[in-house]
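The listed protein sequences correspond, in order, to chains A and B.
To convert, count from 1 in the first sequence and add 907; that's our numbering.
To convert, count from 1 in the second sequence and add 907; that's our numbering.
Just so you know, even glycine gets a beta-carbon here, dropped at the ideal spot from N, CA and C.
The next block holds one structure in the form of structure tokens; read it before the comments.
There are 2 protein chains.
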Amino acid sequence: MDKLLRMTHQRELILDELRRGKTHPTADELYERIKKKLPRVSLATVYRNLEILSAAGLIKKLEISGRQKRFDWDPENHDHVYCIQCQRVDNITLAAPVPQVEATHTQGYRITGRRVEFSGLCPNCARQQENHQSKGEHSMSCPSCSAGKLSDNQRQVLQALANSSEACGSKELAAATGLEAKQISCQITALKNKGYVDSPVRCKYAITDQGKQALG
Amino acid sequence: MDKLLRMTHQRELILDELRRGKTHPTADELYERIKKKLPRVSLATVYRNLEILSAAGLIKKLEISGRQKRFDWDPENHDHVYCIQCQRVDNITLAAPVPQVEATHTQGYRITGRRVEFSGLCPNCARQQENHQSKGEHSMSCPSCSAGKLSDNQRQVLQALANSSEACGSKELAAATGLEAKQISCQITALKNKGYVDSPVRCKYAITDQGKQALG
DNA sequence: GCTTGACATGCAAATAATTCTCAAATACAT
DNA sequence: ATGTATTTGAGAATTATTTGCATGTCAAGC
Chain A
908 MDKLLRMTHQ
918 RELILDELRR
928 GKTHPTADEL
938 YERIKKKLPR
948 VSLATVYRNL
958 EILSAAGLIK
968 KLEISGRQKR
978 FDWDPENHDH
988 VYCIQCQRVD
998 NITLAAPVPQ
1008 VEATHTQGYR
1018 ITGRRVEFSG
1028 LCPNCARQQE
1038 NHQSKGEHSM
1048 SCPSCSAGKL
1058 SDNQRQVLQA
1068 LANSSEACGS
1078 KELAAATGLE
1088 AKQISCQITA
1098 LKNKGYVDSP
1108 VRCKYAITDQ
1118 GKQALG
Chain B
908 MDKLLRMTHQ
918 RELILDELRR
928 GKTHPTADEL
938 YERIKKKLPR
948 VSLATVYRNL
958 EILSAAGLIK
968 KLEISGRQKR
978 FDWDPENHDH
988 VYCIQCQRVD
998 NITLAAPVPQ
1008 VEATHTQGYR
1018 ITGRRVEFSG
1028 LCPNCARQQE
1038 NHQSKGEHSM
1048 SCPSCSAGKL
1058 SDNQRQVLQA
1068 LANSSEACGS
1078 KELAAATGLE
1088 AKQISCQITA
1098 LKNKGYVDSP
1108 VRCKYAITDQ
1118 GKQALG
């Protein structure tokens, strides 16, 4: 019934690139790599072919933990670990096979598949986290700690604080920025979370060194 | 450190609705249910609160099989089955616990979590599939078989086939529809997949009864 | 009793990942 | 070589989820 799989240039490249890498890349990581050899490929083609190849059993699609799908050059059944920080995926071997489900508890399901995943910190991320804690660093370079950029309103408030030599209350800030009073406290909260503002005295706010840097 | 969780009306409703149901609903299923009691809630609020409640350990977020997240009223650690057809999720009990990973094969990961999922057909879908095969039905009511609606071009081609008393080749179809010859084969393929067209003789196509119905 | 700060909410718009549509290009069997 | 079927590229569309912002609520402090 089924015809032989037609081997197009792009299909071949995708399969080849996946097998060569021996990692568990996402569709777009693979797309970036393929593009170097074949600049006109479309991301859709990569998705389509990964789908087709995994339907044909030549590779395996990994649907791990609600994030991006990843693809495995090895279609044999085996289990995986993934890093909760950087999402990297690796193979893992169990000491013994996973037991069958108890027949009385399958709820009438006709079971056809099984997946076991472990999660944790990969060596790199584990090391990084240790350094982090011991030095008490919270730098911009840590993706999980710096929430990133300022909104327009936040920038305005932060600028106003930078201009003032001492800590301000929210009324002064409202006057200085022209924003509504209610608005101010939201922005302050956000800025505090980012570490750009602190409150030396109750109800008074000041810009931090980090905040000054962020204003650039 | 951590403050007590503030119990707002909507938060309470969400938790309550989840616990009452004893199913494993998605955020938007829950949203639909909540809306009946509190018509002005926002979907974002439901998402936000599910996130907060699961961070607080009162419920559990399930990230199964690359699809929509589902939420579990029971935060205790237990495993799940899901239906590959209707995506329904149920609890499942293993005959014995999953073995630890072999220390030499953790690849240096510091493992903190484990997830076991089974997949298969739920009782409803299994029954449906049996009927389906034995009666040879491929009706519109089966979500996995009917890909749905016609594009404009497909409708045109299908109409042309309906007008002809016998099977046509693609040149005739091109002439009848005014579409380019190259276009025809694409449309035919799509129509065949949907079961609206078949090919009694190589390179000749005819409309099926289903196809006639689809034209309406 | 009024103000403030922390936290929540509704709404709209943004984002991320993936899938679909259609015309044009390719591959393959003949 | 030719005709048909399959595949591609480009971009639009979809789906699931998250974010920004204005506004609202509530308890604690003056």
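Interface residues of chain B facing S972 (chain A) [CB-CB closer than 7 Å]: The residue given as residue 972 (chain A) occupies position 65 in the first sequence. Those within 7 Å of S972 (chain A) in chain B are E970.
What residue range does the alpha helix (DSSP H) around S1026 (chain B) cover? What you label residue 1026 (chain B) is simply residue 119 of the second sequence in a count that begins at 1. Unbroken run through S1026 (chain B) is the beta strand (DSSP E), R1017 to L1028; no alpha helix (DSSP H).
What does the Cβ neighbour count give for D1116 (chain B), buried or exposed, with the cut at 16 atoms within 10 Å? Sequence index remark: in the second sequence, residue 1116 (chain B) carries index 209 (1-based). Result: exposed.
Three or more C-beta pairs under 8 Å: does that hold for the segment 990 to 1000 of chain A against the segment 938 to 957 of chain A? Between the segment 990 to 1000 of chain A and the segment 938 to 957 of chain A there are fewer than three C-beta pairs closer than 8 Å, too few to call the two in contact.
D1105 (chain A) versus A963 (chain B) - alpha carbon distance: Residue numbering aside, residue 1105 (chain A) sits at position 198 when the first sequence is read from its first letter. Residue numbering aside, residue 963 (chain B) sits at position 56 when the second sequence is read from its first letter. Taking the straight line from one Cα to the other gives about 27 Å.
Measuring CB to CB, does A934 (chain B) end up less than 8 Å from L960 (chain B)? The residue you call residue 934 (chain B) lines up with position 27 of the second sequence. The residue you call residue 960 (chain B) lines up with position 53 of the second sequence. No, the Cβ-Cβ distance between A934 (chain B) and L960 (chain B) is not below 8 Å.
Beta-carbon neighbours of D997 (chain A), restricted to chain B and to distances below 8 Å: Taking the first sequence and counting its residues from 1, one reaches residue 997 (chain A) at position 90. Chain B residues near D997 (chain A): Q1014 and Y1016.
Tell me the DSSP bridge mates of Y989 (chain A)? By one-based count along the first sequence, residue 989 (chain A) stands at place 82. DSSP lists A:V996 and A:S1026 as partners of Y989 (chain A).
Name, going along the chain, the residues of the segment 919 to 947 of chain A whose beta-carbon falls closer than 9 Å to a beta-carbon of chain B. none
Taking R977 (chain B) and P932 (chain B) to be in contact with their CB atoms under 8 Å, please state how far apart those CB atoms are, rounded to whole angstroms. Position 70 of the second sequence, counted from the first residue, corresponds to residue 977 (chain B). Position 25 of the second sequence, counted from the first residue, corresponds to residue 932 (chain B). R977 (chain B) to P932 (chain B), Cβ: 6 Å. Contact.
From the DSSP output, read off the bridge partner residues of R977 (chain A). Along the first sequence, read from residue 1 onward, the residue named residue 977 (chain A) stands at position 70. Beta-bridge partners assigned by DSSP to R977 (chain A): A:T933 and A:L969.
Tell me which same chain residues have a C-beta within less than 7 Å of the C-beta of R974 (chain A), skipping the five on either side of it? As a working note, residue 974 (chain A) is residue 67 in the first sequence. If we look at R974 (chain A) and ignore the five residues flanking it on each side, its Cβ neighbours are Q994.
DSSP puts L1001 (chain A) in a beta bridge; with which residues? What you label residue 1001 (chain A) is simply residue 94 of the first sequence in a count that begins at 1. According to DSSP, which records beta bridges pairwise, L1001 (chain A) is partnered with B:V1008.
Assigned exposure category for L1138 (chain A) - 16 Cβ within 10 Å defines buried: In this structure chain A extends from 908 to 1123, so residue 1138 (chain A) is not present and cannot be described.
Around the Cβ of R918 (chain B), are there at least 16 other Cβ atoms within 10 angstroms (buried) or fewer (exposed)? Along the second sequence, read from residue 1 onward, the residue named residue 918 (chain B) stands at position 11. Answer is buried; the Cβ neighbour count reaches 16.
Does the contact criterion of 3 or more C-beta pairs under 8 Å hold for the segment 1014 to 1022 of chain A versus the segment 1060 to 1080 of chain A? no
How about L1001 (chain A): is its C-beta nearer than 8 Å to some C-beta of chain B? Start at 1 with the first residue of the first sequence, and residue 1001 (chain A) comes out as number 94. With 8 Å as the cut-off, L1001 (chain A) counts as an interface residue toward chain B.
Looking at the structure shown, is V948 (chain A) part of a helix, part of a strand, or coil, going by DSSP? By 1-based counting over the first sequence, the position of residue 948 (chain A) is 41. Coil at V948 (chain A), not helix or strand.
Is there a Cβ of chain B sitting closer than 8 Å to that of V1064 (chain A), yes or no? Position 157 of the first sequence, counted from the start, is the residue given in the question as residue 1064 (chain A). Contacts with chain B at 8 Å (Cβ-Cβ) do not include V1064 (chain A).
According to DSSP, residues forming a beta bridge with D1105 (chain A): Taking the first sequence and counting its residues from 1, the one referred to as residue 1105 (chain A) is at position 198. Answer is A:A1113.
Buried or exposed, going by whether 16 or more other CB atoms sit within 10 Å of the CB of Q1094 (chain A)? Here residue 1094 (chain A) refers to the residue found at position 187 when the first sequence is read from its first residue. It is buried - the Cβ of Q1094 (chain A) has at least 16 other Cβ atoms within 10 Å.
Go ahead and label G1015 (chain B) buried or exposed: buried means 16 or more other beta carbons lie within 10 angstroms of its beta carbon, across all protein chains shown. Counting from 1 along the second sequence, the entry for residue 1015 (chain B) is found at position 108. Counting Cβ neighbours within 10 Å, G1015 (chain B) comes out exposed, since fewer than 16 surround it.
Give a yes or no on whether 8 Å exceeds the smallest Cβ distance from G1027 (chain A) to chain B. The residue labelled residue 1027 (chain A) in the question sits at position 120 within the first sequence. Cβ-Cβ to chain B under 8 Å: yes for G1027 (chain A).
Does E1009 (chain A) have its Cβ less than 8 Å from a Cβ in chain B? Stepping through the first sequence from its first residue, residue 1009 (chain A) is reached at position 102. For E1009 (chain A), the answer is yes, since a Cβ of chain B falls inside 8 Å of its Cβ.
Buried or exposed for H987 (chain B), please, with buried defined as at least 16 other CB atoms from any protein chain shown within 10 angstroms of its CB. Walking along the second sequence from the start, residue 987 (chain B) turns up at place 80. By the neighbour-count rule (16 or more Cβ atoms within 10 Å), H987 (chain B) is buried.
Taking Cβ positions only, does T1019 (chain B) come closer than 8 Å to chain A? In the second sequence, residue 1019 (chain B) corresponds to position 112, counting from 1. Chain A contact via Cβ: present.
Exposed unless 16 or more other CB atoms sit within 10 angstroms - verdict on E924 (chain B): Against the second sequence, residue 924 (chain B) aligns to sequence position 17. That one is buried.
What is the residue span of the alpha helix (DSSP H) that G928 (chain B) lies within? Looking up residue 928 (chain B) in the second sequence gives position 21. Where G928 (chain B) is concerned, the enclosing alpha helix (DSSP H) stretches over H916 to G928.
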